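Residue numbers (the numbering used here), protein chains in the order written: chain H, 140 to 633; chain L, 140 to 633. Every residue gets a Cβ at the ideal spot worked out from N, C-alpha and C, and that includes glycine. Quick caveat: nothing in here was measured; it's all calculated off a predicted structure.
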């Protein structure tokens, strides 16, 4: 059943996939690991701090608390006319986000900014119940975007109340991917706490029917189509080639050998094999960065172009096609040349919180995805909420509430808000669910050609396309406007 | 201990008082009972409906639901160019609010409006756990303003999804007192759901130190000062007169007899006696309406003026003073002439949810009040959060989080929001914690001379001062602007 493999693919977010796959901890996530630039000149320096948060901000009978980790860097902070850039942590270790959000470090001096990186509850070290955190739905009950935003609000209140000079300063929320959604939502729900938000690669419209469910995989496909002749056709043809070859024992053996797999394939593995391959193409689309880097895997610059060099001939026999596919996969999994074999239970190293995101995908963060094999290079797959819901219930004992996020945060009806930058790269499959056109003068879209998943939040490098560099400058310009407005208005207050 | 009596007074809201007084069900509340106009021409006609709500909107492990009651009146509603006026129910029976919010009924035809009155969870019939609703802090855990707003959001989504023609229409939130706070907060947190809010007599700044804690009782005092010569001085003098008289057994007997009390006073009752009297003055300040009506008690028009006729001589003996005080109290408790004696365990009939409000006052809705006996006519009383907190813990097993409301809703820093009318009457003690000056072009204050607690939400009568009538017209004008903007913007959307 080819469908089964594709069922999972669109759920880039770890969690949703986890509801179906047992190898949950190995899947990729909405948030990309954005490792340091090719040649990081300096290690970032910060303090690691902890703040006691209520486990439940929205009820009073539960008085338990936990320690939220956050990082603070104030080397360039000025008490006079300074600002606070606040990273709204997403589904992973905050140190990792901190080290991979070079943009904030690059602009700190210019903006006289204190940098704060706040870890999202249930990720990294900020586990409300220690080892029991993911035990059951009772313990997971406080893992919601609303609680996370309330954590941020309380933390900022604490910082302003305890750091002399911070109180009278403007705070800007910054985040990427799910963290970008949180940054935008934080500005929407707590505009009294942050003067604006930079929401990078934030697919706030990847819910319900706000975005066609096929958009995501269509963009993935487009990335491959543009990166080499017949590249997407080759991948499109590979699924049926696998289906045909896997019908016989000898075909399975041939596949195992040709793809250099670590374990012999059985016919039952075929859905997983296809899923793993599709995830690989999706991951490549997200990390199609202009420079060599070590992300999910060590990769060359513009990795899809490199991959597509092996996939220029689509009109070939099944065996030649899959030999080519292997060469392509080998770029992703063995660019370093160290891998002895390919393991279909792994697509990436995981610094992300797979358990937490799985739960979030099964509750609030329900993102419909589909493919049709016509507008995209994948096998057709229909979005089936009921099935998804049942799988979530089996996995976590909870049922998704797919309309809650749009009820809470407004869906497409957000024009009454102000001061949010939505940045998206045209290569990023998540851009399909993002805001790519200005909504108003102060709800602006920065659409970046040649950029993959929140490339703009990464440090400046000589390899960045000029559009990326100019987008970062534009973002800084907007943020400075918010800061100026803040100080101008502050002057007029008693 | 005179202090003890005054301790409770400022907590007009039932709940807070309940933490200290056992006779909880008899105290007045933040929300005034606003009964029909003197001569209601027609009974309002509406459907009573129920909508299934999640008990917990902010968690997924609890799948319990309850029936929220709401009322619908669509006689004047037009599918073409109409609107939906949505009453954000507060701490009481929604039928009672419905019948006493004549303003909405008066404007329905002109605004082609459907009227919806949504009951607040934990009040009226909308009890999440039936008889167990107020059993303990576990059951009360879902009684918060956030959950109530989420109920409203879900209900409106439901209405728009099920009533043909409703989907494309603008919704305006309307509420008075705590309901006014909810209306304002609803617009702030869910601007995609309501195009604006009329927040009548909503003391959104009666938290933390946003308003001086003595403001409330100062306004009560001012109402009496303006309503007759030496009126507030007489009341101011009455406390010590009571203290002196109550030192002896004969004095206590004299007081019992002179005040026509139902039960003989003991010295231990004196704090309660003074508290009851102070509450009476506070209630009078809230319901100082321009026409005869039956609210907390049947009362004449401008009841404080009538009361003050008995209190023109403050420079008299203790006994004469308290005889006069009795005459004043008798206006409030025996205007109908039916009362055989006065019961100091009652200040008003209660259609409000005393248990629920007590809990809310002990969690989110922490409003500091104080008196100093100089700027007001009461005995001095200091706000003591720690003491209050301990009493709350004893009563409900929860501790107040006094800063949460301002963290959540912004305190005085709300200028980024739009389309909220804050109306307040100068006679209303709650106006002290309200918004009485425009914050921006679209966050406007309507300050109404000669108006007590949300008089503007009551039906038009011939007795209303012209300022009240013109304020209602102004409110309608603002609301129509929001509706026009909504339809104009809708036209430009695809």
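Classify residue 557/H: buried if its beta carbon has 16 or more other beta carbons within 10 angstroms, exposed otherwise. Here residue 557/H is buried. Its C-beta has 16 or more other C-beta atoms within 10 Å.
Within this structure, are the beta carbons of residue 203/H and residue 194/H separated by less than 7 Å? yes
Quick check on DSSP: helix, strand or coil for residue 563/L? strand
Reduced DSSP secondary structure (H/G/I, E/B, other) of residue 527/H: helix
Quick one: which chain H residues come within Cβ less than 7 Å of residue 537/L? 199 and 200
Assuming the contact rule is C-beta atoms closer than 8 Å, residue 255/L and residue 236/L should be a hit. Round their C-beta distance to whole Å, please. The pair is not a contact, with the Cβ atoms about 12 Å apart (cut-off 8 Å).
If the cut is a Cβ gap below 7 Å, which residues of chain H does residue 546/L touch? 292, 293 and 296
Rounded separation between residue 460/H and residue 594/H - CA only: 32 Å
Using a cut-off of 9 Å between C-beta atoms, extract the partners of residue 549/L located in chain H. 329, 330, 331 and 332
Can you tell me which residues form a DSSP beta bridge with residue 584/L? 561/L, per the DSSP bridge assignment.
Can you list, in chain order, the stretches of the beta strand (DSSP E) that have 3 or more residues and sit fully within the stretch 325–367 of chain L? 335–339
For residue 223/H, would you say it is in contact with chain L, using Cβ-to-Cβ distances shorter than 7 Å as the test? no
DSSP three-state assignment for residue 602/L, whether helix, strand or coil: Coil, per DSSP.
So what's residue 253/H in DSSP terms, helix, strand or just coil? strand
Simplified DSSP assignment, three categories, for residue 203/H: coil
Boundaries of the alpha helix (DSSP H) in which residue 464/H is found, first to last residue: Residues 457–473.
Return the chain-ordered ranges of every beta strand (DSSP E) run that is complete within the stretch 381–413 of chain L and spans a minimum of 3 residues. Taking only runs of at least 3 residues, no beta strand (DSSP E) segment lies wholly in the stretch 381–413 of chain L.
Would you tell me roughly how many angstroms separate the C-alpha atoms of residue 623/L and residue 313/H, rounded to the nearest one? Roughly 35 Å between the two C-alpha positions.
What separation, rounded to the nearest whole angstrom, lies between the Cα atoms of residue 162/H and residue 324/H? Reliability fails at residue 162/H, whose pLDDT of 29 lies under 50, so the model's placement of it is uncertain and no value is given.
Could you please give the first and the last residue of the uninterrupted beta strand (DSSP E) stretch that includes residue 269/H? Segment: none, residue 269/H is in no beta strand (DSSP E) and carries neither H nor E.
What residues in the stretch 266–287 of chain H bring their beta carbon closer than 9 Å to a beta carbon of chain L? The stretch 266–287 of chain H vs chain L, Cβ under 9 Å: 275, 276, 277, 278, 279, 280, 281, 282, 283, 285 and 286.
Chain-ordered chain H contacts of residue 563/L [CB-CB under 9 Å]: At a C-beta separation below 9 Å, residue 563/L has no neighbours in chain H, since its nearest C-beta there lies roughly 20 Å away.
Listing by chain order, which chain H residues have their CB less than 7 Å from the CB of residue 552/L? 331
Check whether the Cβ atoms of residue 134/L and residue 536/L lie closer than 7 Å to each other. Here chain L has residues from 140 to 633 only, and residue 134/L is not among them.
Do you know offhand how far residue 588/H's Cα is from residue 568/H's? 13 Å
Reducing DSSP to helix, strand and coil, say where residue 227/H ends up. strand
Checking 7 Å against the spacing of the C-beta atoms, do residue 496/H and residue 230/H come in under that value? In contact: residue 496/H and residue 230/H (Cβ atoms closer than 7 Å).
Thinking just about the alpha-carbon of each residue, which of 458/H, 601/H and 219/H is nearest to the one in residue 397/H? 458/H
Let me confirm a value: residue 179/L is counted as buried when at least 16 other C-beta atoms fall within 10 Å, else exposed. Which label applies? With a pLDDT of only 44 at residue 179/L, under the threshold of 50, the placement of this residue in the model should not be trusted; the figure read from the coordinates follows. With fewer than 16 Cβ atoms within 10 Å of its Cβ, residue 179/L is classed as exposed.
Going along the chain, which residues of the stretch 494–527 of chain H sit with their C-beta nearer than 7 Å to a C-beta in chain L? 502
Since residue 557/L meets chain H, which of its residues come closer than 7 Å, beta carbon to beta carbon? 555
Look at the alpha carbon of residue 505/L and the alpha carbon of residue 227/L, and state the distance between them as a whole number of angstroms. 20 Å
Tell me the rounded alpha-carbon separation between residue 410/H and residue 501/H. 22 Å
Which whole-angstrom value describes the C-beta separation of residue 321/L and residue 287/L, a residue pair presumed to lie in contact below a C-beta threshold of 8 Å? 6 Å
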